[in-house]
Structure formats: C-alpha cells, structure tokens
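Number of protein chains: 2
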Amino acid sequence: MAESWATFGVDLHVDVARTGSGLRRGLTDALREAVRCGRLAPGTRLPSSRSLATDLGIARNTVADAYADLVAEGWLTARQGSGTRVAQRTVPAVPASAARRPRSSRGPAYDLVPGTPDLASFPRAEWLKASRRALTAAPNDALGYGDPRGRVELRTALAGYLARARGVRADPEHLLICSGFVHGLMLLGEVLRRRGARTLAVESYGLDVHWGLIERAGLGSVPLPIDELGTRTDDLADRDAHAGGTPGGVLLTPAHQFPMGVPLRPDRRAAVVDWARRTGGLILEDDYDGEFRYDRQPVGALQGLDPDRVVYFGTASKSLAPGLRLGWLVLPPDLAPEVMAAKGGADWSCGVLDQLTLAEFITSGAYDRHVRASRLRYRRRRDQLVEALAARAPSVTATGIAAGFHAVLRLPPGTEQSVVRAAAWHGLAVHGLTSYRHPAAAPPPVDALVVGYGTPSDSGWPGALEALCGALP
Amino acid sequence: MAESWATFGVDLHVDVARTGSGLRRGLTDALREAVRCGRLAPGTRLPSSRSLATDLGIARNTVADAYADLVAEGWLTARQGSGTRVAQRTVPAVPASAARRPRSSRGPAYDLVPGTPDLASFPRAEWLKASRRALTAAPNDALGYGDPRGRVELRTALAGYLARARGVRADPEHLLICSGFVHGLMLLGEVLRRRGARTLAVESYGLDVHWGLIERAGLGSVPLPIDELGTRTDDLADRDAHAGGTPGGVLLTPAHQFPMGVPLRPDRRAAVVDWARRTGGLILEDDYDGEFRYDRQPVGALQGLDPDRVVYFGTASKSLAPGLRLGWLVLPPDLAPEVMAAKGGADWSCGVLDQLTLAEFITSGAYDRHVRASRLRYRRRRDQLVEALAARAPSVTATGIAAGFHAVLRLPPGTEQSVVRAAAWHGLAVHGLTSYRHPAAAPPPVDALVVGYGTPSDSGWPGALEALCGALP
C-alpha cells in the first residue's frame, strides 16, 4: 500500500506495506527523491530521527539508517551539534549511477557471513580521544614521508602488546605495518616467488580471496588435508618426496582454523616448525582472531616457537574495524629487508595518523579494554547461539566455538544446500562450509553452516539469531 | 665545553659549546640517558619547554625539539593537559638499536630538498575537528571492508574540488583513492604492462624513484628531451617510426615540470593529446602541486582536454602532508575496471578514517582555507628567496618560480658540484639539477640547484635562506 506522508512540510511517498529493510529502503528512496527534486532545499535541517519516526509511526532505527545511507551517499550531512541537514550542493550532483548503485543495505536483512566484527561497537569516542592525544604529541616530521616499516611508536607498542597477549617474540625493528592481512600476504607472496618458491601450502578450507592473491603472486596454492584435530601438517613432510617439490611455505591459522574453528594441536605445531627448519620453508601464521578465546587461556602464537621461521600476521580488522586498514607482520630478521623492499621504498606506507592513534590506543590501555569488552560481547552471543540451538534445533551442533566470533554448525547429512536456501528466504546471508573449500581439496566431511555471530550489531543480533533458527532443520 | 646542568633535580651533561642541531642532539642524548638510567623515573612530569629553556639559557625550540624526538622514540609521552612525562615502560624497553637508530635530526641543520611541504603548518586543530565530525557522522558500515575505489564521500568531494580548482572532469565513479602518487603509479604500471606496453615515456628530469617503479612494473622508461619551453612532447610523434615502437604512455608534470619548474606550453599540451588519440597511448598527468600558482591563474589540468586519454594523479602530500598517504586517480572510464582490479579487490584500500576526514575537510571549506594560507606562505618565501639572491648572489637567477614550492637556481657554468659541497658545509641539504637527470637523458643544459623552499618551518626558513646564500657563489 503506497501512502503519502506529509511531514516537515514535505510529502514522502513510501510503501508502508514493506517491513524491515524494505521500509528503510523506501524511506531512503523517498528522501533522496525529495532532495534531488529540490523539495528539500540545501541546508534544510531534518527532524531528529526520533521525531520523524514518531511522525511516521515507524521504528527510530529505520529512520536513523535511512539518514545514514543518505549521508554516505552525500545527499545529507550530519554534524554533531547541528543535526542532519540537506547537503550544500557546492559540489556537482553525484551522477545517478553513483547515487543509485547497489548498496549493502539492499542485501539481506541479517548478515552472518563471518569476517567482520560488530562495527556498531567500534569505540568511536575513545578512538577520537586517542587520535587527539596522538596528533597533539606527534613531532612535525611524523607527518612526512616515513619509515616504510611504519611509525616506530606503533611498532614499539605492538611489540609489547604481542609479547604480552600472544607470546610473540617481536623486535620493533623487524615489525612491519601494512594495510591489513591481504597487503601482508601480497608482500610475502612476492618475496617467496623471488626466492624461487613455486607453491605455497594452504589449508583445505579457507578464503578464496587468499588463494587468488597467492596465485596472482605467481605461486600455486596446494591444500593440506584437514581432520578433526586441525590441519594435517604432517602431510607437509610427505610432500618432500613428491615430484612437485617442497612448497616454499605454508599459510596457517593455528590459533583458530578458519573456518573449521579448531586450534592446531601441539604435536602438529611442532611438526610444522620441524618441517620449516628442515626444508628452509616459511610458516605464514594468520592470527586473525587470536585475542578472542573463551574457554581457557589463549593459544599462544606459533611464532613464539621459532621466530626465525615464522612470519606472524596480525590485524586490527577483527579487534577494531577493517576500515582502519591496519595490519602488522613480525618478520624473521633475515627476511625483513626483502619484505621491506617489496613494500616499495620510503614512499609506500600506511597513513601515519591512524598508526599514531593505534599506538596511543594500545599504550593507554584502551585497546585492552576494548578487546575485553568485545570478548564478553561475543562470548555472550556464542552462549545464546548454543542455547538457542539446543532448544530449537537439536539436530544441529555448534563446533569450533572456543574462540573467535564464528561457529561451524554441523547439519544433518545432505541438508547444507537446502539450509542455505532457507536462510536466504529468511533474509539471512550465511555460507555453507562447501563455499570455503579449496578447489583441489577433498569434499567436506560434514554438512555445515559457517556462522559469523560477530557481525550484527547488538540490536540486530536477536533478529539474526531468530532468523537463523527459523532456517535450521 | 661539557657542562653539567642541575635542573629539576637531575644532572644533564650537555656540551653547550654546540649550537643549533648539535645542542638539540646533546640535550636529547642527555635526557634519554637520564630516563634510561632511571634518574628520571617513569611518570615524572618534565618542566615545560619554556621553563626548561629559561633554566638552561637556551632557545625554547631546542627544548621542544628534544622533547619531540624523545616522544617519537617512546622515552617520553606528551598529552594535552598533562604535559610531557617520562613514559611508563609497561612495554619492553625499546631495543638500543631502535632507540639509537640514525634520525633525521642528526642530518643537516636545514633541508631544502624539494618534495615535502612545511609540516609545521599542518592544520592539526582543524584536521582534528574534521575528524571528529566525520567519525561522528559516519554510518557503521563505513568501518567495514569498503569499496576498493575508496569512500564515496571522498570521491564525491574530490570530484567537485578538482572540477572547480583544476578543471578536471571527474565522475566519482571513476575516481580511485590510493595511498599516494607512488601507489597510483604502481597500479598504472601494472595495467599498462598487462595491456602489452613495453615502455613508458618520461621527462628527462624527474625522480629516480618513479623510474625505478616503472621498471619494477616491467616497463622501460624512455626520457623525452626538455627545453626552455618544457618537455618536447612533439618528440613522441617522431618515435612512432622508430624501431622501439610507440610507448604505452607518457608520464608528465604539465602544470609545473618537476624539477625544471616550467608549465607545458599550450601547443605541446595539444601535441601530446593528439599523440595519445592517434596511438591509443595514455597520458599520466602528475599534478603534484597544481594548487600553488602565484603569478596568474592556475594552469588547468591537461585531463580537461581529454578525460578518455589522460589519467589524472592528485595527492595530499604537497597540499597537506605526505604522512596521510592519500592520493587520487581520475581514470578514463574504459580503464577504470582494470585499475581497480590491479588495486586488488575489496580488501585492499586505504584507511577510511582519513578518507572521511579529508572529505569533511574539503566540503567544510577548510581545505580551501589551508591551501590559500599555504599559497601565501610559500609565495612570501619565494619572494624572499628572489630578493636575497638579487642582493647577495647576483650571478644566480631563480627560474621556475611561478608555481609550487621549489625553484631552480641557475649557477655560473661549472659551479654546481662545488656549490652543493659548500651547501653541505653550511649544514644545508640541497640537490644539484644533475641529480634529477634520467640516466638516458642528455646532460643538463645549465648548472643549477633545485631548492625546495617549502620544507623548512617558518622559524627555520630564515636560517635556511641565510645558509643558502652563504653557499652560493
């Protein structure tokens, strides 16, 4: 039912028969149209989301989301203290193609695809405080062309933090700030290829974007088998004798295998280090969510076992936000010069302001506080997930849940595809285990869903869990 | 003469016979030693730079600089409202190798090597304000894995700004945010090579780091000749008939040739566009300092002549600070997908917080204000340089001074090397024209110094100018 709302003197044509994301989309479209046609003049102050929601009889969040969409698109501006206004169009109008491009808000109502933390809990106020302190204290030359390794303040802060929290043996001299895990993997791929490697061993379940990057660097990605105890690193030794030759390295997620969720067992940790020592191969340790462990002390980083053979990859993408584009490598000393050369010389580094801010964030203790709060948040959700499954989907078991913010839900045999389809029908984005399989790996041993329970906001989580339970057999 | 100062209860052993940077270094070393040995305990509040300077009878800036060095090294912390304190060493002590690494402060007293703007005039307070507004207004999903092109807010703001200030025809859809000029050049080098190009034409004077990147991308760099009227783009046409084949593109600095300082003449602008249309070659337009023009209206970007054949490269490194690591490409529509693919997919982008802040900085008008203030600052210095030369070194002529923040000082024949040596003796870092010559280019037509007058702070500039005049014949 299309209805015309006259509010703050403007008619908004919105289909109120829509619900949830449909209603948000309708309101967004109506407001955009009102700005585009000039019915809402530049500079006009919009009512608060609360009062417009009351006017329209809809949820305040729906209005707030619509405003946020239009701010992101450039139609509205939001400033603290002056509310939300129609943008001054001193810049040329955004071409229709840009304004109307598909947006994530047009996707499913709930997102349980793993990989992104709860962005609504990003500590904005604390970050801004740290940013102010960091920029105030920074010497002028910090703003210049910097050390390609990144700012010494951040490298020093991270070396201390990683030693304390993850058992990493790190010297700030051999720490490299990069633009997230993918940047680090690109650099290591390039270095391994230049060293003459032809393949990199990977886990048989993981992310195809990583395998794609490895191949783009000119290396083949060769999957290692996986079982209930984690990745079969003993298989690396067997490969020594094979025709394909020894891989130049192996990419692992030892603390919390992605996506299976198991930690690498101690004997397999030792086996892979032995292999690296014997063959000169490198271990690339992707410690993407090492901070988030619930049931016992964190599994320390593999890097602590042999800093000369392990490259440690850390990231702010899970602990804070992917948008920061901040990651770090702890490099074996004899590898450091080559990786720095691959990074491209003095000009090619990440923005210093976020680096200085993160350094201040860590040394002031705010990072630890944020990680602790996030750990509680995700643990609570994990417990709610397990309880909901026990009550409503007893044929489904959650595994890989001792850490991180995703779980593997084992499904009755043969049901994975139908559950993924049912989830989509319930407005839920979620992936089956199959979609994480390396093309050359064996088929999945079980039917399963990989559920990222960290992604929704606190307010979105109950609905996401409800939709998930509705889709399960 | 080594003297021992007892101040705030601590003995500082500093050689007061030193002056300038030597004194700063001595004070820095003495304070570092006091912290290292525990004579200054963690958490101790240091006196203000003003009061310590008065105590010691030295310039306040010297104390402030020493404090800033030690903050950068992690020995001290500086926070607004709580002054400068000895760092709490909750992190492991910085290894001696890091703390004692060579620092720029141990280099020459004055730096007139072009390329870095006056970092002391970075608008810290305005930037922090914009940062607060931007982060407060940002929707949550801005903090996630973003559009590989960069945030739409910044692309939209830049498209408007570039149209207005530089005559660039830009659609935010085809604008790409990158991590500075070097990142952009790496991307274009990769794309050109994939398209089958074997060489890229370059100007015969420029930066070897750029030629190195071009070669790293698998392309040869072929210098075009230069004369008083700028780069001889007519030479490109002559090359069509040559054995080496047509270059895949040409890298130019049309608004203000780096380092010669001349703008590309209108007929040569037309010639290069004709060449690109005829051969399908690409023009890479490096508009590094296009905002800074003094004697008449800015020379508009070449891109305006043919947005289908010109890739426009802009950067915040000269207008704000290199440490931001923010640059932008305006891409011909048919090239955009390839460049975005080269950028590496959704994960590989620059930090969003600085992007959102710069967008807010531009749309709020703060960017224009900062550029205007910088233009006045650099113009004043340029005028002072010209006056000082007229009065004290009449055999030297400044050229290329209608724009930017560097000048080419023409020297009497045969004196370039001896002047560079004399400058070093005066504590001045400055390069001769020869050091910007492409290895395959003709020798310089004149002896000259390339003087970056933008780099010193306002307080350092008079001393730098004095040292320069002292070194000139």
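These protein sequences, in sequence, are chains R and C. Residues in the first sequence are numbered from 87 upward in steps of one, following the working numbering. Residues in the second sequence are numbered from 87 upward in steps of one, following the working numbering. Virtual Cβ for every residue (Gly too), placed ideally from N, Cα, C.
From what residue to what residue does the alpha helix (DSSP H) around C/SER504 run? Going by DSSP, C/SER504 is part of the alpha helix (DSSP H) stretching over 502-511.
Neighbour flag for R/VAL264 against chain C, beta carbons, 8 angstroms: Note that residue 264 of chain R is Cys in the sequence shown, not Val. Interface flag for R/CYS264 against chain C is unset, since no Cβ pair is found closer than 8 angstroms.
Distance between beta carbons of C/GLY334 and C/ALA283, contact taken as under 8 angstroms: Contact between C/ALA283 and C/GLY334 holds: their C-beta atoms lie close to 2 angstroms from each other, under 8 angstroms.
Given a threshold of 16 other Cβ atoms within 10 Å of its Cβ, counted over all protein chains shown, does C/VAL532 qualify as buried or as exposed? Counting Cβ neighbours within 10 Å, C/VAL532 comes out exposed, since fewer than 16 surround it.
Pair every Cβ in the segment 268-286 of chain R with every Cβ in the segment 295-310 of chain R, then say whether three or more of these pairs are closer than 8 angstroms. Contact between the segment 268-286 of chain R and the segment 295-310 of chain R is present, because at least three Cβ pairs lie under 8 angstroms.
If we ignore side chains and look at the alpha-carbon of each, how far apart do R/ARG280 and C/PRO225 end up? A direct Cα-to-Cα measurement between R/ARG280 and C/PRO225 gives close to 42 angstroms.
Between the C-alpha atoms of C/GLY129 and C/LEU162, what's the straight-line distance to the nearest angstrom? If I take the Cα positions, the gap works out to 9 angstroms.
Within chain C, the residues that R/SER543 reaches when beta carbons sit closer than 9 angstroms: What R/SER543 touches in chain C: ASN226.
Check each residue of the segment 404-425 of chain C: if its Cβ is closer than 8 angstroms to any Cβ of chain R, include it; give the result in chain order. Flagged, chain order: ALA407, PRO408, GLY409, LEU410, ARG411 and LEU412.
Using a Cβ-Cβ cut-off of 6 angstroms (strictly less than) and excluding sequence neighbours within five positions of R/ALA489, which residues of its own chain qualify? Residues HIS342, PHE378 and ARG379 of the same chain have their beta carbon placed closer than 6 angstroms to that of R/ALA489, with the five preceding and five following residues left out of the count.
Cα-Cα, which of C/VAL396, C/ASP360 and C/ALA139 is closest to C/LEU370? Taking only the C-alpha atoms, the option nearest C/LEU370 is C/VAL396.
Are the C-beta of R/GLY437 and some C-beta of chain C separated by less than 8 angstroms? So yes, R/GLY437 belongs to the interface.
Which listed residue (R/THR449, R/THR114, R/THR541 and R/VAL308) has its alpha carbon closest to that of R/SER207: Minimum Cα distance to R/SER207 is reached at R/THR541.
In this structure, how does DSSP classify R/LEU214 when only helix, strand and coil are distinguished? Per DSSP, reduced to three states, the secondary structure at R/LEU214 is helical.
The beta strand (DSSP E) with C/THR332 in it runs from where to where? Careful: C/THR332 lies outside any beta strand (DSSP E) and carries neither H nor E.
Please tell me whether C/ALA206 has its Cβ less than 8 angstroms away from any Cβ of chain R. Chain R contact via Cβ: present.
Nearest CA to the CA of C/TRP547: which residue from C/ASP440, C/LEU271 and C/ALA474? Of C/ASP440, C/LEU271 and C/ALA474, the residue nearest in Cα terms is C/ALA474.
Would you say R/TYR196 lies against chain C (beta-carbon separation less than 8 angstroms)? At a cut-off of 8 angstroms between beta-carbon atoms, R/TYR196 makes no contact with chain C.
Using the Cα positions of R/ALA557 and R/VAL506, report the straight-line distance between them to the nearest angstrom. The alpha-carbon atoms of R/ALA557 and R/VAL506 are separated by roughly 8 angstroms.
Just to confirm, are C/LEU205 and R/GLY230 a CB contact at a threshold of 8 angstroms? Taking 8 angstroms as the cut-off, the beta carbon of C/LEU205 is found closer than this to the beta carbon of R/GLY230.
Going by alpha carbons, who is nearest to C/SER405 out of C/LEU391, C/PHE447 and C/GLY386? Put simply, of C/LEU391, C/PHE447 and C/GLY386 the residue whose alpha carbon is nearest the alpha carbon of C/SER405 is C/PHE447.
I'd like to know whether the C-beta of R/GLU301 is nearer than 8 angstroms to at least one C-beta of chain B. Annotation note: the requested chain B is absent from the structure, which comprises protein chains R and C.
Could you tell me which residues DSSP pairs with R/THR485 in its beta bridges? Note: R/THR485 sits in a beta bridge opposite R/VAL494.
Nearest chain C C-beta to R/ARG186 closer than 8 angstroms, yes or no? Unreliable positioning characterises R/ARG186 in this predicted model, as indicated by a pLDDT of 35, which lies under 50. The coordinate reading is nonetheless provided below. Cβ-Cβ to chain C under 8 angstroms: no for R/ARG186.
Which residues mark the beginning and the end of the beta strand (DSSP E) in which C/VAL308 is found? For C/VAL308, the uninterrupted beta strand (DSSP E) segment begins and ends at 306-310.
By how many angstroms is the C-alpha of R/VAL157 removed from the C-alpha of C/ASP115? Roughly 50 angstroms separates the two Cα atoms.
Report the residue ranges of all alpha helix (DSSP H) runs contained in full by the segment 200-259 of chain C; include only those spanning at least 4 residues, in chain order. Whole alpha helix (DSSP H) segments, 4+ residues: 210-223 and 238-252.
Leaving out five residues before and five after C/SER545 in sequence, what residues of the same chain have Cβ atoms less than 6 angstroms from its Cβ? Correct list: empty, nothing qualifies.
Boundaries of the alpha helix (DSSP H) in which R/GLU276 is found, first to last residue: That run of the alpha helix (DSSP H) goes 267-280.
Using CA coordinates, which residue listed in C/VAL385, C/PHE399 and C/VAL348 is at the minimum distance from C/VAL581? Past the edges of chain C, shown from 87 to 559, lies residue 581 of chain C, and the structure says nothing about it.
Rounded straight-line distance, which links the Cα of R/LEU388 to that of C/ASP375: Approximately 48 angstroms between the Cα atoms of the pair.
Short check: CB of R/LEU410 to CB of R/ASP372, under 8 angstroms? At the C-beta level, R/LEU410 and R/ASP372 stay beyond 8 angstroms of one another.
Taking C/GLU424 as the reference, give the member of C/THR140, C/GLY275, C/ALA154 and C/ALA228 with the closest Cα. When each option's Cα is compared against that of C/GLU424, the closest is C/GLY275.
R/ASP324 to R/VAL358 span [Cα, whole Å]: Going by the C-alpha atoms only, they are around 12 angstroms apart.
Which residue marks the beginning of the alpha helix (DSSP H) containing C/PHE447, and which one marks its end? 438-449 is the extent of the alpha helix (DSSP H) around C/PHE447.
Backbone secondary structure at C/TRP161 - three-state DSSP: Three-state result, C/TRP161: coil.
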